[in-house]
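Asker: Numbering (the working numbering), first residue to last: 517 to 814.
Beta carbons: idealized from backbone N, C-alpha and C, even for Gly.
Because the structure is a prediction, the values reported are computed rather than measured.
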Amino acid sequence: MLERIHLATLLEVEKQGSLTAAAEVLHVTQSALSHSMKKLEQQLGTDLWLREGRNLRLTQAGQYLLAVAQRMLPQLELAEERLRQYAQGERGTLRIGMECHPCYQWLLKIVSRYLAAWPLVDVDVKQKFQFGGIGALFGFEIDLLVTPDPLLKPGLRFEPVFDYEQVLVVHKDHPWAGQTQVEPAQLSEETLITYPVPVERLDIYNMFLLPANVSPRKHKTIETTDIMLQMVASGRGVTALPKWLVTDYAPQLQLRTLRLGAAGIQKHIYLGARDADYDTDYLKSFIAFARETESYGA
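(1) Alpha carbons only, please: which of Phe-654, Thr-809, Thr-741 and Thr-562 is nearest the one belonging to Lys-834?
(2) Using a 10 Å radius around the Cβ and a threshold of 16 neighbouring Cβ atoms, would you call His-543 buried or exposed?
(3) Look up His-543 in the DSSP assignment and say whether it is helix, strand or coil.
(4) Check whether the Cβ atoms of Thr-562 and Thr-545 lie closer than 9 Å to each other.
(5) What are the uninterrupted segments assigned as beta strand (DSSP E) that are 3 or more residues long and contained completely in the segment 639 to 705, given in chain order?
(6) Whole angstroms are fine: how far does the CA of Gln-682 sit from the CA of Asn-816?
(7) Just curious, the beta strand (DSSP E) that His-735 is in, first and last residue?
(8) Is the segment 796 to 808 in contact with the segment 743 to 756, if contact means three or more CB pairs nearer than 8 Å?
(9) Does DSSP classify Met-744 as helix, strand or coil?
(10) Rounded to whole angstroms, what's the CA-CA distance from Tyr-711 to Thr-740? Just pull it up for me.
(11) So is Arg-772 buried or exposed if we call it buried at 16+ other beta carbons inside 10 Å?
(12) So if DSSP puts Pro-758 in a beta bridge, which residue, or which two residues, is it bridged to?
(13) Do you know whose CA, among Leu-566, Pro-732, Asp-689 and Cys-616, lies nearest Tyr-680's CA?
(14) What is the DSSP secondary structure of Glu-519, reduced to helix, strand or coil?
(15) Compute the distance between the beta-carbons of Arg-611 and Ile-650, then report whether it is under 9 Å.
(16) Tell me, to the nearest whole angstrom, how far the beta carbon of Pro-618 is from that of Pro-758; I am working on the premise that it is less than 8 Å.
(17) Can you check which of these residues, Asp-793, Val-685, His-551 and Thr-609, is closest to Leu-776 by C-alpha distance?
(18) What is the C-beta distance between Thr-809 and Ile-626, in whole angstroms, given that I count them as a contact (C-beta under 8 Å)?
(19) Measure how close the beta-carbons of Asp-816 and Leu-660 come, nearest whole angstrom, since I'm counting them as under 8 Å.
(20) Start and end of the beta strand (DSSP E) containing Ala-789?
(21) Look up Asn-722 in the DSSP assignment and say whether it is helix, strand or coil.
(22) Is the CB-CB distance between Ala-756 and Gln-697 below 9 Å?
(23) When you compare only the Cα positions, how much space is there between Met-733 and Pro-727?
(24) Assign Arg-567 to one of three DSSP states: helix, strand, or coil.
(25) Leaving out five residues before and five after Thr-737 in sequence, what residues of the same chain have Cβ atoms less than 7 Å from its Cβ?
(26) Taking its Cβ as the centre, do 16 or more other Cβ atoms sit within 10 Å of Gly-813, making it buried, or is it exposed?
Structure follows, in structure tokens:
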């Protein structure tokens with residue numbers, strides 16, 4: 517009863533706003549599409565849309581079927597693409613989503629070696645999924661997620677690949693430059709520079725400042741690591757980053773790192789994938805490369 521064209525129609529009408537526009541995208545006539553959907557409604561015994569003038573509004577049944585389409589069609593497209601690649605002797609593309617801003621430099625160290633080892637596999641890095649990677653995995657938009665904060669959900673598997681310490685970064689002439697650690701209260705008079713991420717997802721806030729009920733004097737956000745560190749090196753503020761990343765920049769920018777509290781903030785980087793894909797040979801190989809490339813100091 518249900519065919520792929522029915523699911524595709526629901527999805528395209530939702531995207532395009534009308535049956536006519538959906539028909540153009542699907543390369544069929546509007547009348548053929550309308551007839552197909554009307555026949556489906558008759559077979560199902562329920563309406564999928566309520567027609568309000570020229571507009572279509574999904575019924576409860578239509579909303580349910582749309583949700584099915586949103587889940588199923590990406591999976592079918594991925595399956596077809598994988599089968600096409602196998603038929604043509606290709607391995608495919610490994611799509612990686614990033615939930616870790618500073619990990620991009622670390623990722624580059626892996627990708628160059630990985631591409632040399634797997635000449636029939638392409639790599640695509642999708643940074644737009646920052647802090648929305650779990651949904652991207654379930655939606656089959658990415659195959660592998662780089663994250664310091666895994667969410668353990670059925671159907672997903674996360675593997676730790678390396679540990680690191682989050683540290684405070686200051687310029688060489690900062691009054692704290694000679695210290696080994698810093699306490700939360702000291703940041704109340706500082707400008708804190710971070711990535712443009714919700715505060716609740718920033719370790720320096722949720723693991724250091726907020727438990728002590730402390731806020732920085734000013735909070736600035738910058739998207740790129742290079743500019744962030746240049747700002748710190750010029751005395752415009754302080755930031756918190758993985759120690760391994762700062763170590764790579766410290767010699768040229770003369771930065772100093774301080775432990776955040778007596779115990780410091782210890783973190784881990786994980787790679788997450790769908791259980792069903794975990795045994796894919798080139799995906800498992802990437803995880804192995806990641807473990808070998810622990811950090812800049814590895």
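Answerer: Taking the coordinates as given:
(1) Residue 834 is absent from the model: the chain starts at 517 and stops at 814.
(2) Reading the sequence shown from its first residue, position 27 is the one you call residue 543. Label assigned to His-543: exposed.
(3) Your numbering for residue 543 matches position 27 in the sequence shown. Coil, per DSSP.
(4) Within the sequence shown, the letter at position 46 stands for residue 562. Within the sequence shown, the letter at position 29 stands for residue 545. No. Outside cutoff.
(5) 660 to 663 and 672 to 687
(6) For the chain, the structure presents residues 517 to 814; residue 816 sits outside this window and is missing.
(7) The sequence position of residue 735 within the sequence shown is 219, counting from 1. Where His-735 is concerned, the enclosing beta strand (DSSP E) stretches over 734 to 737.
(8) Counting Cβ pairs under 8 Å, fewer than three are found: no touch.
(9) Translated into the one-based positions of the sequence shown, residue 744 becomes position 228. Met-744: helix per DSSP, three-state reduction.
(10) Residue 711 sits at position 195 when you count from the first residue of the sequence shown. Residue 740 sits at position 224 when you count from the first residue of the sequence shown. The straight-line gap from Cα to Cα measures roughly 7 Å.
(11) What you label residue 772 is simply residue 256 of the sequence shown in a count that begins at 1. Counting Cβ neighbours within 10 Å, Arg-772 comes out buried, since at least 16 surround it.
(12) The residue given as residue 758 occupies position 242 in the sequence shown. Answer is Gln-682, bridged to Pro-758.
(13) In the sequence shown, counting from the first residue as 1, residue 680 sits at position 164. Checked all of Leu-566, Pro-732, Asp-689 and Cys-616; the closest Cα to Tyr-680 is Cys-616.
(14) In the sequence shown, residue 519 corresponds to position 3, counting from 1. Reduced to three states, the DSSP call for Glu-519 is coil.
(15) Numbered from 1 along the sequence shown, position 95 holds the residue referred to as residue 611. Numbered from 1 along the sequence shown, position 134 holds the residue referred to as residue 650. In this structure, Arg-611 sits away from Ile-650, with a CB-CB distance that is not shorter than 9 Å.
(16) Residue mapping note: residue 618 aligns to position 102 of the sequence shown, counting from 1. Residue mapping note: residue 758 aligns to position 242 of the sequence shown, counting from 1. Rounded, the Cβ-Cβ distance is 6 Å, consistent with contact.
(17) For this step, residue 776 is matched to residue 260 along the sequence shown. Among Asp-793, Val-685, His-551 and Thr-609, the Cα nearest to that of Leu-776 is on Val-685.
(18) In the sequence shown, the residue the question calls residue 809 occupies position 293. In the sequence shown, the residue the question calls residue 626 occupies position 110. With 8 Å as the limit, Thr-809 and Ile-626 qualify as a contact, their Cβ atoms being about 5 Å apart.
(19) Outside the modelled stretch of the chain, which goes from 517 to 814, sits residue 816, for which no answer is possible.
(20) The residue labelled residue 789 in the question sits at position 273 within the sequence shown. Element bounds for Ala-789: 781 to 790.
(21) Taking the sequence shown and counting its residues from 1, the one referred to as residue 722 is at position 206. Of the three classes helix, strand and coil, the one that applies to Asn-722 here is helix, per DSSP.
(22) For the purposes of this step, residue 756 is taken as the residue at position 240 of the sequence shown. For the purposes of this step, residue 697 is taken as the residue at position 181 of the sequence shown. The answer is no: Cβ separation not under 9 Å.
(23) Against the sequence shown, residue 733 aligns to sequence position 217. Against the sequence shown, residue 727 aligns to sequence position 211. A quick correction: the sequence has Arg, not Met, at residue 733. C-alpha separation (whole angstroms): 17 Å.
(24) On the sequence shown, residue 567 is found 51 positions in, with the first residue counted as 1. Reduced to three states, the DSSP call for Arg-567 is strand.
(25) Counting from 1 along the sequence shown, the entry for residue 737 is found at position 221. Cβ within range, chain order: Thr-710, Tyr-711 and Pro-712.
(26) In the sequence shown, counting from the first residue as 1, residue 813 sits at position 297. Residue confidence for Gly-813 is low, a pLDDT of 41 falling below 50, so the modelled location carries little weight; the figure read from the coordinates is stated next. By the 10 Å Cβ count, Gly-813 comes out exposed.
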